[in-house]
Each structure stands twice: as structure tokens, then as C-alpha cells.
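Enquirer: Take this structure first; my questions come after.
Residue numbers (the numbering used here): 37 to 185.
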């Protein structure tokens with residue numbers, strides 16, 4: 037019939053090359069990926085126009101600035117009524133005041149307030165000066181310098 041099966045003895049097995057022992061590559065059959073388009077609609081039906089968008093909600097009223105007359109007092113009354121512990125602290129201190137400066141734009145004032153709340157005064161002075169240097173010269177307020185002498 038056919039040839040008899042040959043037995044492999046250690047003497048007849050060819051040695052493996054060193055690279056064949058270290059190879060960790062696993063071969064896979066490649067698969068082709070085919071992108072398909074969505075099916076086209078069979079019939080074009082009349083589509084109703086979309087419903088009109090609802091009217092935008094009215095804007096909330098603009099509240100008066102905290103620097104407006106009476107606003108600080110109203111805020112302090114609210115805080116005192118809301119928290120008895122805070123009420124004692126408010127009663128033991130002077131009411132805060134705003135030193136409005138027509139030469140200081142509101143944006144600069146806001147930036148200054150944030151800086152001085154978060155940093156030590158000397159650090160805030162340095163950073164605020166660098167901040168002002170970045171602004172156009174027309175919007176840079178000049179801080180009064182202490183008299184020398």
C-alpha cells in the first residue's frame with residue numbers, strides 16, 4: 037500500500053536552530069475588514085417639519101452690586117438671621133466697606149481682590165504688578181506711591 041511510517045529517534049530528529057527556540061511569534065490568519073454603508077430607505081415619506089423651539093427662558097433680574105447703598109447691610113442681616121454663631125462674629129466686628137475707585141476698572145478690582153485673598157500681601161503685590169503689566173496701558177491704574185523722604 038503506502039510507505040511504512042518512519043519512527044523518529046533522537047538520533048534522527050534534526051536539531052532546532054537557536055532562533056527557532058526563542059521565537060514567540062504566533063501567526064494568525066488575516067481577516068479583511070469590510071465597511072458597509074447603512075441601507076438606503078426604501079421609500080421617501082413626507083416628513084413633518086420639526087416643532088419650533090420653545091422660547092428661551094427670561095433672564096433673571098440683575099441684582100444690585102454689593103457696593104450699592106444698603107446692600108452690605110441687607111447681606112449682613114441675612115447672614116445674622118441664618119446663622120447664630122456667625123451673627124455673634126458679625127456683631128463683634130465692623131461692617132465691611134467698599135473703597136470704590138473711579139480710576140480702577142471693575143475687572144482690575146476683581147482680579148486684585150482675588151489675588152489678595154489667596155496670597156500674602158508681598159506676593160500679591162508682585163503678581164498684581166505683573167498682571168497690570170499685561171493689560172493695555174489705558175486700563176492700567178496708577179497706584180499712589182507713598183511719599184519718600
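Glycine included, every Cβ here is placed at the ideal spot set by N, Cα and C.
As the structure is a prediction and not an experimental result, all values here were calculated from the model.
If the criterion is Cβ atoms closer than 8 Å, does the pair residue 195 and residue 132 meet it?
Expert: A question about residue 195 goes unanswered here, because the residues of the chain that appear run from 37 up to 185.
Enquirer: Put residue 125 into one of helix, strand or coil per three-state DSSP.
Expert: Within the chain shown, residue 125 is the residue found at index 89, counting from 1. In the structure shown, residue 125 sits in a helix (DSSP, three-state: H, G or I).
Enquirer: What does a CB cutoff of less than 7 Å around residue 176 pick up in its chain, not counting 5 residues either side in sequence?
Expert: Within the chain shown, numbered from 1, the residue matching residue 176 stands at position 140. Caution applies to residue 176, whose pLDDT of 48 falls short of 50 and renders its modelled position unreliable; the model cannot decide the point.
Enquirer: So what does DSSP say about residue 161, is it helix, strand or coil?
Expert: Position 125 of the chain shown, counted from the start, is the residue given in the question as residue 161. Three-state DSSP puts residue 161 in a helix.
Enquirer: State yes or no: is the C-beta of residue 30 within less than 8 Å of the C-beta of residue 111?
Expert: Within the shown structure, residues of the chain are numbered from 37 to 185, placing residue 30 beyond reach of any answer.
Enquirer: For a test of the three-state rule: what should DSSP assign to residue 117, helix, strand or coil?
Expert: For this step, residue 117 is matched to residue 81 along the chain shown. In this structure, residue 117 counts as helix in the three-state DSSP scheme.
Enquirer: Indicate the three-state DSSP secondary structure (helix, strand or coil) for residue 110 in the structure shown.
Expert: The sequence position of residue 110 within the chain shown is 74, counting from 1. If DSSP states are grouped into helix, strand and coil, residue 110 belongs with the helices.
Enquirer: Could you check where the alpha helix (DSSP H) with residue 146 kicks off and where it finishes?
Expert: Position 110 of the chain shown, counted from the start, is the residue given in the question as residue 146. Counting along the chain, the alpha helix (DSSP H) containing residue 146 begins and ends at 142 to 154.
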